[in-house]
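Accompanying notes for the structure given below.
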C-alpha cells in the first residue's frame, strides 16, 4: 500500500472489538427491558396439513400467559409479499408456525405450548423438484394451481415466461454448438446449507403510545421497517428499527414475520415482548440456502475456444420465499458472464416443495451456479487436454465484456453495459495464484495425482468465481461534532463483518480527521437515512460510498467556512490531521474551531444513478463485479473417503482494500463456509416426512478451526485495481470470496482420485461410492 | 433483571398450576449426595423417576430435549473417593468420577495404556472433556436423531427405544449414522468409544446397589436398548487387567470433523505378540452396532499368525463379514476394513 492515505489501507483496530471482547456489546438476547414478556412458537409436525381445530383454552388458563395467537386472531396479511400469512390454517412444511404464546417467562411460554391442542387433516406433500414438477404432483399451495412459481398479484416478475422460466440469452447457442469440436452435457447438484448465525434470530418489540420500537437482529433494517409498517398498517413514522449490533447473518438475517407477530403480541399486552429463537428453531423455522439441479452443456474447440454454453437450473424453493427469482437472477449472470462466451443461454425455474423455504445466503445464487459451471469447465479443459489454469486464463471475463445489474434479469429491461478496467484483475489473479501455488511444478496432467502415498492421494485443482457488488441507491449523513470529530449516520449494519470500521476509515480519510474521531451510528431507522442494508456485497460499494460523498459534502462546507478565515479560496485548501490547510503552506485552522463557531455542519449524500458511471475510453456504462480465483490442494484417503484440504491459494479482487485484515477475514470466511457447504454441513431432510433431522450443531457439522488448513497454508492474495465507483475504488468482495473455493476443492479431488463427483455433497460416502463405481467400470 | 412482585407471584403460581396439571413437578429436585449410601437410597426411593448426574454432559442434553423428565436428580459428583487412577501389580483401576480430561492427561495411562489415552483425547471438545466422567461416558444415551428429537420443535418420534409399541424410524429412514450389525429393533449405535476401548482391554465395571456390589464384564454391560444398570445402581469404577509388556495398542477413529464429532466408525486393537506370532488379540469396533462389537472372526484369523499385510487384510475382511448395512450406511463397511487393517499394521 502506498502512503497516499493516512487511514485507508491499514488494519486499524476494529471499532467494535473492545466492546465485543469485553461482553459489553448488546446483542438482542442481551437486552432486558422492564416488564418484558417472552414469546414462543408452536410449530407444525407435518409437511402439509389443514388445521381442523385448535384449542388454546388450557394454555390461556395457565397463570403467567398473557396472550395466545392463532390464525383465528391475527390479521390476514401476507408478510413480505409471500404466499404465507402471519399464521395460517394450512401449514406447508414441518416447522411452520401454528400458534404463538407470550408469557412472563420463556419457560412458562414453552410449557403453554404443550397445552395447546391442535387437530390436523394431513394433506399430500412433495419434497423433491422432479416429483413436484410432475402434472399430478401434490400441490404445495393448492389454490395456486401449480408448484412452478410464476408470480402473484403482489409479486410481478416481468421477465418470467408463461411457462414459468426466467431466461437470459446472448448470441446464438445453436450456432455455437454447431461450431464446437466437442460438446459436453452434464447434470450437477448443489446442496442445501443453513446460514447458522453465531446467535439464533431474536427480536424485541415495545410500544409507547402509537409508536413501535423494534430491536432487531437484521442486516436489512429498511426492509424490515417497510414490512412492519405494511403488515401492521401503520405509517413508517411510527416504527423505529434498531439493529446496531447484529450477529453474523451471512445473508440470512433478513426480515421474518416473527417481528410482526412479536409487535402484535406487544401491542395486545401493552408490554415489551422478546422472541429469541432456540438453535433448533433457527434451523427449522427460518430459511436456508437455495439448492439447484443444474443441467449444463458446453461446446469447445480444440484450440480452447468456448463456442457456447447452455445452463438449465431447476431450483428447490421449499414452501415459500421473499426473494422470488432474485437469487436465480444472480445465478443466470454467473452462468453467462464468468467466461467470454459469445453464445450463451441460461434459464431457470423455481419449484415449490413442502420443505423449509429458501432465503438469501452468502453468494445468493452465484456459488450455486459456479459450483457446477466450474466443474463443467474443468471437464471441458480435460476434453481438449488443456491445462485448466491456462484454459481459464484464456477465457475468463475481463474489461470490456458484457455486464449488467442483476435486478434487470428479473425486472428488465435488459441494458448491457460493460465490465470496467478494474476487471483486468482476473487474468492477473489467475497468474498470481498459479505462481504462488506452484501450479506448474505440481500439476502432473489430467488424471494424474500430485502424489500418492499408500491410500492417500494428493490432488490439485483450480476454479474461478465472480459476483456482482451492486451499486445501489444509498444515502448517508456526516454530522460534524462541535470539537471537530464526526458522527456518520448510516443504515448499514455492523453484523461482525467490520462495517463500522470500514465506514469510519473512509469518513476519517475524507475529512482528514483521526479514525478514532469518527463515530458510526448505524442501522437505526430513527436517525439513519435510507439505504438497502448489507446485502449483495454492497455495504462497501454502495453504503460506504454514500458515506464518502456525505463526508465530501461536509468537507466542502468546512472549506467554504474556512476560506474567509484563512483568506483563501476553497480550491486551495486541504484537510489533514484534523485541520484545514492552505495547500503547500503551514497556514491552517483546526476543524474543531470551525465546528464550534458555526454550530452544526452536516454533510449529506445520495449515490449517483448507475447510468452515470461510464468508462472513460468507450463511454459505456460500467457495472461492478469482482473476481476470485482459488487453487486447492487436497489429500484424499481412497480407502475411507476422507478429504483433507491441505493448502489453499486464493486471490481476490476488491478494487481497494480499505482494511486488508478485514479483506483477509472475508477470504477465510469464504473458505470455511464453502468447505462446510460441500463437505461437512449436510442438511438432512427426512425423505418420508420432509423434516429436517439435524437442527443442532453436533449433527449439523459446521467446520471447526481444526478442519481448516493451517493459517500459513492459506495463501491470500489481494489485487487492488480501483473500480470506477465505490469509495476510493473499493468494491464488494465478501460473496465473491465464496464462489471459487468449493469448485476448486471438487476439481482437486478429481485430480486426486480420477473420478468426477457430480453429486451435491462430497461426503466420505460420496467419494467411496464414486471410486467403487469407477472400479466397476 | 428485576422482576416486580406481582409478576414474581404469578410465575410461582404458573409452576404450581403446571405441577397440579401434569401431576408431576416441572423441574426435578436436585440432590447433592454426600455419600454412596445416600445416593443409593435416593435412587431406591425414586426408582425410574430418578437420574444420576455427575458431569451432566449427557443428562442435561436429554432433559433439555425432554427425552427424559426425572423427578429427582442425584448429584454424585461430591461423593468422595470415586476420582482416581491407580495401578497395582495386576490391575489398573479408574474411579467412575475420573474426568475424561484427567485420563487423557495421565502419564501412567499414556505410557502403559495408550489406547485409553487416545480415546480420552479424542472425546468431544475440551469443555466436554473437562466436565465428562468415565462413568458418564459409558452410560451415554444414543445419538440417533429420531430418538433425540426434542418435542419443543413441534416434532418428536415416539420410537421403539422409548416405547415397546413404537417403530424404529431410522431403520427405513435417514440411517447414515446407524448400525450395520445388530438385531435391528433399534439401530442406534452405542456412542461411547471408551466402551469399545475397554472391551478391547477386557475391562470390568464395578457397581454398587443397595444390596451390595457387582462386577460386570464390559462385554455384558450393554444391550440393544442401553446398559444393564438397575435404576438403583451406580458405577463406582473400572477395572482393567494390567497390560502385558509385549502388548501393542491402537485406536483409530473416523469422523467427518477432527473434533467434537462422535465416531462414524472406530477401532480399538490390543495385540500381544510372542516370538513375532500373535499370541492374543482383541479387536473392538465402535459405531457399527448398538453395543461395542468384538470382531471375533477377525481375532480368529489372526491368532497364532505372523502379523503381515496379507493377514491383516484378511482379518479386516473378516472383522465386518457379519455386516448387514441399512439403506444409507453401507459406506461404513470399507471404512471399518481400512481402519482395522491400519490399526493392526501401524
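Residue numbers (the working numbering), protein chains in the order written: chain S, 5 to 781; chain F, 2 to 347.
Ideal placement from N, C-alpha and C gives every residue a C-beta, glycine not left out.
Judged by beta-carbon spacing, residue 479/S lies beyond the 9 Å limit of residue 558/S, meaning their Cβ atoms are not closer than that value. The beta-carbon of residue 646/S is placed less than 9 Å from the nearest beta-carbon of chain F. Looking only at 549/S, 354/S, 400/S and 594/S, the smallest Cα-Cα distance to residue 569/S is reached by 594/S. At a C-beta separation below 8 Å, residue 708/S has these neighbours in chain F: 258, 259, 260 and 261. Nearest CB-CB separation between residue 109/S and chain F: below the 9 Å threshold. Using a CB distance cut-off of 9 Å, residue 8/F counts as an interface residue toward chain S. Looking at the backbone, the Cα of residue 501/S and that of residue 680/S are separated by about 19 Å. In this chain, residue 60/F is not harboured by any beta strand (DSSP E); it is covered by the alpha helix (DSSP H) spanning 58-65. Counting along the chain, no alpha helix (DSSP H) covers residue 219/S; the unbroken beta strand (DSSP E) around it starts and ends at 215-220.
In this structure, the alpha-carbon of residue 486/S lies about 8 Å from that of residue 598/S. At a cut-off of 9 Å between C-beta atoms, residue 255/F counts as an interface residue with respect to chain S.
Here residue 334/S carries a helix assignment [DSSP, helix/strand/coil].
Not a single C-beta of chain F is nearer than 9 Å to the C-beta of residue 88/S. For residue 181/F, the closest Cβ of chain S is not nearer than 9 Å. Apart from sequence neighbours up to five positions away, the residues of its chain that approach residue 121/F with a beta-carbon distance below 6 Å are 101, 104 and 105, ordered along the chain. Taking 9 Å as the cut-off, the Cβ atoms of residue 52/F and residue 71/F count as close.
When the five nearest sequence neighbours on each side are left out, the beta carbons in the same chain lying within less than 8 Å of the beta carbon of residue 587/S are those of 576, 577 and 578, in order along the chain. Excluding its 5 nearest sequence neighbours in each direction, residue 312/S has C-beta neighbours in its own chain below 6 Å: 177, 180, 181, 303 and 347, listed in chain order.
296/S is the residue among 532/S, 323/S and 296/S whose C-alpha sits nearest the C-alpha of residue 339/S. Around the beta carbon of residue 47/F, 16 or more other beta carbons sit within 10 angstroms, so the residue counts as buried. Under the three-state reduction of DSSP, residue 211/S is assigned to strand. Rounded to the nearest angstrom, the gap between the Cα atoms of residue 710/S and residue 126/F is 12 Å. The C-beta separation of residue 204/F from residue 239/F comes to about 6 Å, placing the pair in contact by the 8 Å criterion. Rounded to whole angstroms, the gap between the alpha carbons of residue 567/S and residue 512/S is 21 Å. No Cβ of chain F is located within less than 9 Å of the beta carbon of residue 601/S. When Cβ pairs closer than 8 Å are counted between the two stretches, the stretch 132-151 of chain S is seen to touch the stretch 352-359 of chain S, the count reaching three or more.
Look at the stretch 516-601 of chain S and you find these whole runs of alpha helix (DSSP H), each 4 residues long or longer: 549-570 and 595-601.
Within the DSSP bridge table, the entry for residue 250/F names 271/F as partners. Among the CB atoms of chain S, none fall inside 9 Å of the CB of residue 264/F. In the structure shown, residue 47/S falls within a strand segment according to DSSP collapsed to helix, strand and coil.
Of the candidates 112/F, 221/F, 295/F and 302/F, 295/F places its Cα closest to the Cα of residue 201/F. Counting along the chain, the unbroken alpha helix (DSSP H) around residue 178/S starts and ends at 177-183.
The Cβ of residue 320/S sits no closer than 9 Å to any Cβ of chain F. For residue 210/F, the enclosing beta strand (DSSP E) has its first and last residue at 205-210. Residue range 745-757 is occupied by the alpha helix (DSSP H) that includes residue 756/S. For residue 345/F against residue 286/F, the beta-carbon gap comes to about 13 Å, at or over 8 Å, which does not count as contact.
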